[in-house]
Every structure is written in structure tokens, then in C-alpha cells.
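Take a look at the structure below.
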Amino acid sequence: MQWTAWSVETSRGDQKEGHVLITGEAAPEETRSPVMVNLVLDRSGSMKGAPLSAAVEAAQQLIERSQPEDFLGLVLFDGVAEQRVPLCQMDARGKRQMTEALQGIQTGRGTALYAALEMALKGLKRTLVPGRKPRMLLLTDGEPSVGPDTQDAFDELGQRLADEKVAVHALGLAKHYVAEVLQALTEPSGNAFEHVDGPEGLGEAMGGVMAHVYGQVATEAKVRVQPSGFLALTVRHAFPTSLDMDAVTVSLGDVSRGYARRVLLSGNIVAPEWSLQLHATARENSDVRHWKIENERVSTDSARGKLIVGLAHELELVTEETAAWLSLARKDLERAEQQLEAAEGHLRSVVTLAPEGVPVRRHLERLGDLRLAVERGEGDIPLLIRRAQSARAGTNVSQVIPLNAYRRR
Numbered sequence: 001m002q003w004t005a006w007s008v009e010t011s012r013g014d015q016k017e018g019h020v021l022i023t024g025e026a027a028p029e030e031t032r033s034p035v036m037v038n039l040v041l042d043r044s045g046s047m048k049g050a051p052l053s054a055a056v057e058a059a060q061q062l063i064e065r066s067q068p069e070d071f072l073g074l075v076l077f078d079g080v081a082e083q084r085v086p087l088c089q090m091d092a093r094g095k096r097q098m099t100e101a102l103q104g105i106q107t108g109r110g111t112a113l114y115a116a117l118e119m120a121l122k123g124l125k126r127t128l129v130p131g132r133k134p135r136m137l138l139l140t141d142g143e144p145s146v147g148p149d150t151q152d153a154f155d156e157l158g159q160r161l162a163d164e165k166v167a168v169h170a171l172g173l174a175k176h177y178v179a180e181v182l183q184a185l186t187e188p189s190g191n192a193f194e195h196v197d198g199p200e201g202l203g204e205a206m207g208g209v210m211a212h213v214y215g216q217v218a219t220e221a222k223v224r225v226q227p228s229g230f231l232a233l234t235v236r237h238a239f240p241t242s243l244d245m246d247a248v249t250v251s252l253g254d255v256s257r258g259y260a261r262r263v264l265l266s267g268n269i270v271a272p273e274w275s276l277q278l279h280a281t282a283r284e285n286s287d288v289r290h291w292k293i294e295n296e297r298v299s300t301d302s303a304r305g306k307l308i309v310g311l312a313h314e315l316e317l318v319t320e321e322t323a324a325w326l327s328l329a330r331k332d333l334e335r336a337e338q339q340l341e342a343a344e345g346h347l348r349s350v351v352t353l354a355p356e357g358v359p360v361r362r363h364l365e366r367l368g369d370l371r372l373a374v375e376r377g378e379g380d381i382p383l384l385i386r387r388a389q390s391a392r393a394g395t396n397v398s399q400v401i402p403l404n405a406y407r408r409r
């Protein structure tokens with residue numbers, strides 16, 4: 001793996017602020033690790049027809065892309081959960097077994113989401129395959145209706161899965177799943193759930209998940225940051241963190257080939273001179289490796305400086321955008337307008353900075369949808385809320401395509 005850290009100093013009135021962006025990425029020549037994935041597939045009544053057909057096609061992609069050293073399993077759930085195919089090697093026999101199981105799925109009544117995830121966890125814990133990171137991949141379109149269904153229950157389950165070192169990925173289809181539940185399940189392991197507008201988008205969404213899963217080269221990546229000269233230091237992204245007296249450790253999760261993990265930290269400066277001691281660890285091929293990261297100070301008008309400040313504005317932008325949608329759902333138009341104006345202000349800052357790699361057009365489109373909804377009540381608000389929540393989750397658990405341009409500036 002390769003690690004970089006760039007920091008910049010900014011001013012807000014009389015107060016000086018320090019920001020550091022830490023990035024970890026796989027070297028291009030690194031080979032991927034074998035995987036172990038329990039696929040958890042919703043077969044409730046709302047999935048009947050096109051949604052289930054698209055889900056089966058997406059799952060088939062996962063099978064076809066697997067290699068003989070990979071292990072896959074299949075959990076199905078409606079009102080009852082079952083491990084239809086136990087985790088098995090993806091040789092010709094295993095692939096045939098998975099494909100036949102997918103072809104025979106029938107929908108049923110109810111959504112026993114909690115029980116399905118518990119069953120998937122048990123399946124992963126029963127199968128020891130050295131060198132493989134246990135994962136779940138959930139695909140659902142509805143809210144839980146059988147068994148535990150509270151947010152607290154799924155918050156606890158998501159943390160328990162992370163403590164068991166199980167990475168969770170999730171695809172939420174259409175507008176009736178509970179975004180907060182999917183976020184609670186995925187975020188503790190350093191992942192973001194993906195929103196899919198309709199069945200036609202499942203193939204592309206699954207492709208994105210597979211790029212991460214089948215590109216994994218390192219697991220349990222962590223960065224320890226020990227600041228000096230700061231009043232406080234805040235982790236701006238939503239990765240799990242832990243405090244150790246005068247340092248904070250950020251758990252970045254897995255690192256995949258072709259993608260990078262990055263985390264932004266910011267704080268008020270209270271000393272004439274400030275510094276950061278940075279150390280990283282990650283597990284590669286069952287071995288834990290250590291790195292000391294050199295912090296490079298950059299100017300605010302450099303490409304790297306603009307990226308750091310632009311990312312800070314982007315994080316605030318998606319937070320205000322999501323809050324505005326939720327205010328709109330509560331019919332609090334005044335509050336939604338205030339939050340939208342705040343989001344638009346952060347977007348103007350991003351446009352002015354023009355940092356490479358921040359998806360300005362996508363933010364413009366989403367805030368345009370939000371403006372129409374606030375002013376005219378136009379748009380499918382439940383679907384657009386989930387789209388915004390997914391975008392925020394993805395921004396806050398940063399996994400990006402590395403930008404070669406920044407390595408040269």
C-alpha cells in the first residue's frame with residue numbers, strides 16, 4: 001500500500017484552522033485477495049416481477065466474476081430466513097449450485113431482515129477459510145416487518161457485525177427500504193450503502209460493489225493521528241474512531257485495487273507551530289504491516305490545498321442536503337429552505353475552488369431536484385430522500401478513484 005498526507009492552514013476570522021487529508025491506496029501491481037461473501041437476498045412480495053428478476057441477474061454477475069479460490073453463499077428471506085446455499089468454493093460445482101438456487105426463487109410474505117442477517121453471520125462463522133475476509137452483501141427493497149425492527153436493534157447489530165470483523169455491503173432498491181437501517185449495518189465496517197432507483201439500475205450498482213469486493217488487497221486499514229498545537233481535532237468523515245489519550249485512531253476498513261481510502265481531519269490551531277504524527281497499519285495477506293506517513297504542508301491555492309478545502313465543503317454540503325430532504329418530508333418548509341440555502345452556499349464554494357475529483361455536476365443536479373421540491377413540491381420525495389442519504393453515506397465513508405494529477409502537484 002501507499003500512504004500520503006497533505007495538510008493546509010486556513011483562517012476563519014481571527015481563528016486559524018488546520019486540515020489534513022490522509023489517503024491510502026493499493027499499488028497497481030498488488031494482487032487481489034480471495035473473498036468469502038454470504039449474499040443476503042430479499043424475496044418478499046414487493047420484490048415480485050422485475051425487481052426479483054433484476055436481483056437474480058445482479059447476483060449472477062457476482063457468481064460469474066468469482067474465481068475458484070473464492071467462497072460464496074446464499075441467504076434468502078421473506079417472513080422467514082434460510083441459508084439456501086451454504087458457503088462453498090466457486091469451482092464449477094459451486095457456481096452451478098448457486099445458479100440453480102437463484103433460478104428457483106419464489107417470493108413470499110413478510111421481511112425478516114434481522115433474522116436473515118443473523119443467519120448470514122452464523123454461516124460465515126461456521127466456515128473457516130484462512131486468508132479470506134468475511135463479508136455480507138445485502139439486497140433489499142423494504143423495511144423489516146418480522147422480528148426486531150427498531151433502529152436501536154440494527155444499530156447494535158451493525159456494530160456487532162463490525163466487531164466480528166464482518167464487512168457489510170448493501171443495495172437499497174426504490175423508495176420503501178429504511179436508509180437509516182442500511183447505514184447502521186454498513187458504516188461500522190467502513191462501507192456505504194448504495195441506493196438504486198429501480199430494477200434497471202441494479203446491474204450497474206452490483207458492478208460497483210464487485211469492483212470493491214473483488215479488488216480487495218488489504219483489510220483493517222487504520223490511521224493513528226497524534227496532533228500538536230491544536231485545541232481539538234475532529235474526524236470529518238464518518239469512519240469508526242477510537243481515542244487514546246493524545247491521539248485518535250481512524251478505522252478505514254478495506255482497501256481495494258483501483259480505489260483509495262481517504263479521511264479528512266480538521267481543528268482549531270492554538271500554537272504558533274503545529275504538527276501531526278501519522279502512522280498507518282493494514283493487513284496484507286494475513287500479515288499486519290506498518291507505515292510512518294510523512295505530512296506534506298501545502299498552500300491553500302495549490303491543487304492539493306483546493307482539494308482539501310473543497311472536500312470540507314462537500315461534507316457540509318451533503319449533510320445540509322440530507323437534512324433539508326428530511327425537513328421537507330416533515331413538511332417543515334422554512335427549515336428545509338434554510339438547509340438548502342446552506343447547501344447551496346457550500347456548493348458555490350466548491351465551484352469556486354474547482355477541485356478535481358469532486359463531482360460538482362452531480363451535486364448541482366441533486367440540489368436542483370431539492371430546489372424544485374422545496375419551491376413547487378415536485379419530484380418523488382421518498383425516493384429522492386433515499387438517494388440523498390446514500391450520497392451522504394458514500395461521501396462520509398470515502399472510497400474514491402485515485403487522481404494521478406494530484407501526485408504531480
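Here UniProt numbering is used: position 260 in the sequence shown is 260, and no number is missing along the way. Cβ coordinates follow ideal geometry from the N, Cα and C atoms, glycine included. Small disclaimer: the values here were computed from a predicted structure and weren't measured.
- When rounded, the separation of the alpha-carbon atoms in ALA101 and ARG84 is 7 Å.
- With respect to the C-alpha of ARG132, the residue from LEU185, VAL35, THR4, LEU139 having the closest C-alpha is VAL35.
- Shown here, THR241 sits in a strand according to DSSP, grouped into three states.
- Within the model, the alpha-carbon separation for GLY207 versus LEU137 is close to 13 Å.
- Straight across, the Cα-Cα distance linking GLY215 with THR234 is about 30 Å.
- Residue ranges of uninterrupted beta strand (DSSP E) with 3 or more members, entirely inside the stretch 11-83 and ordered along the chain, are 15-25, 35-42, 71-77.
- At a Cβ-Cβ threshold of 7 Å, ALA112 and ALA81 count as neighbours.
- Residue range 247-256 is occupied by the beta strand (DSSP E) that includes ASP254.
- For the pair of segments examined, the stretch 279-292 was found not to touch the stretch 51-70: the number of CB pairs separated by less than 8 Å stays below three.
- If you look at LYS222, you'll find it isn't in any alpha helix (DSSP H); it sits in the beta strand (DSSP E) that goes 216-228.
- The Cβ atoms of LEU231 and VAL270 lie closer than 7 Å to each other.
- The C-alpha of ARG392 is placed about 21 Å away from the C-alpha of LEU333.
- In this structure, the CA atom of GLN183 is about 6 Å from the CA atom of PHE193.
- Secondary structure note for TRP291: its beta strand (DSSP E) is the uninterrupted segment 287-293.
- In this structure, ALA343 sits away from LEU315, with a CB-CB distance that is not shorter than 7 Å.
- Annotated as proximal: THR186 and VAL168, with beta-carbon spacing under 7 Å.
- Relative to LEU265, the option among ALA238, GLY258, ARG96, ASP70 whose CA is nearest is ALA238.
- Closest in C-alpha terms to ASP163, from the list SER189, VAL255, ILE293, GLY45, comes SER189.
- LYS306 has its alpha-carbon roughly 11 Å from the corresponding atom of SER7.
- HIS212: member of the alpha helix (DSSP H) spanning 202-213, first to last residue.
- The stretch 24-39 and the stretch 208-227 touch, with no fewer than 3 CB-CB distances between them shorter than 8 Å.
- Closest by C-alpha distance to SER349, out of PHE154, GLY108, ILE308, SER275, is ILE308.
- Contact annotation, GLY142 with SER46: C-beta distance approximately 5 Å; criterion of less than 8 Å satisfied.
- Non-local C-beta neighbours of ARG135 in its own chain, meaning closer than 6 Å and more than five positions away in sequence, comprise VAL37, ALA167, ordered along the chain.
- Our two residues, SER228 and LEU276, have alpha carbons roughly 6 Å apart in a direct line.
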